[in-house]
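Written below as structure tokens is the structure these notes are about.
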Amino acid sequence: PVYFDVRLTQKFDQARLKLWYQKDLVTPLRIGPAINLSNWQWQLKDINYLLTTQNFSEGWLVGTAEYDLKNIQPDKNILRFLISSPGLDLSAKEIVFGRVAIEFIKEPLTKNNFFERLKEWIKFSNIYYALN
43 PVYFDVRLTQ
53 KFDQARLKLW
63 YQKDLVTPLR
73 IGPAINLSNW
83 QWQLKDINYL
93 LTTQNFSEGW
103 LVGTAEYDLK
113 NIQPDKNILR
123 FLISSPGLDL
133 SAKEIVFGRV
143 AIEFIKEPLT
153 KNNFFERLKE
163 WIKFSNIYYA
173 LN
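When you read off a place in the sequence shown, starting at 1, and then add 42, the result is the number in my numbering.
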């Protein structure tokens, strides 16, 4: 497996991952964030290939996956992702990554949720970690 970390400035409800990659159609490819690193739990999903005319370059596939982040607690504002392709090491094949884009989504700030969101921000921020 391969890992990459994303540092978040606040808590989000959902993430949409978009990936530009090259591989054969048989090789499995799953990506997802850690749900609980201490228990080694991950929210791995297959990358859904998109048919698109907006190619990054010739020969690149574009795929997406969506993740529910509501029950995920990042470790000190860092969300760790795992890229998995079981059997790749034995197949003599490769996966080439061109670009990864992640859109983080949350409910808009309103006067009705202001205090709840402020509480979440304080808990998520470094102020919370400094006091504990």
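We treat Cβ as the ideally placed atom computed from N, Cα and C, and that holds for glycine.
- According to the DSSP assignment, Ser-133 belongs to the alpha helix (DSSP H) that extends over 130 to 133.
- Ranked by how close their Cα comes to the Cα of Asp-110, the residues Asp-66, Phe-46, Ile-77, Tyr-63 have Ile-77 in first place.
- Distance from the CA atom of Lys-87 to the CA atom of Ile-164, rounded to whole angstroms, is 31 Å.
- By the neighbour-count criterion, in which a residue is buried when 16 or more other Cβ atoms sit within 10 angstroms of its Cβ, Trp-84 is buried.
- Three or more Cβ pairs drawn from the segment 127 to 138 and the segment 51 to 66 lie within less than 8 Å of each other, which places the two stretches in contact.
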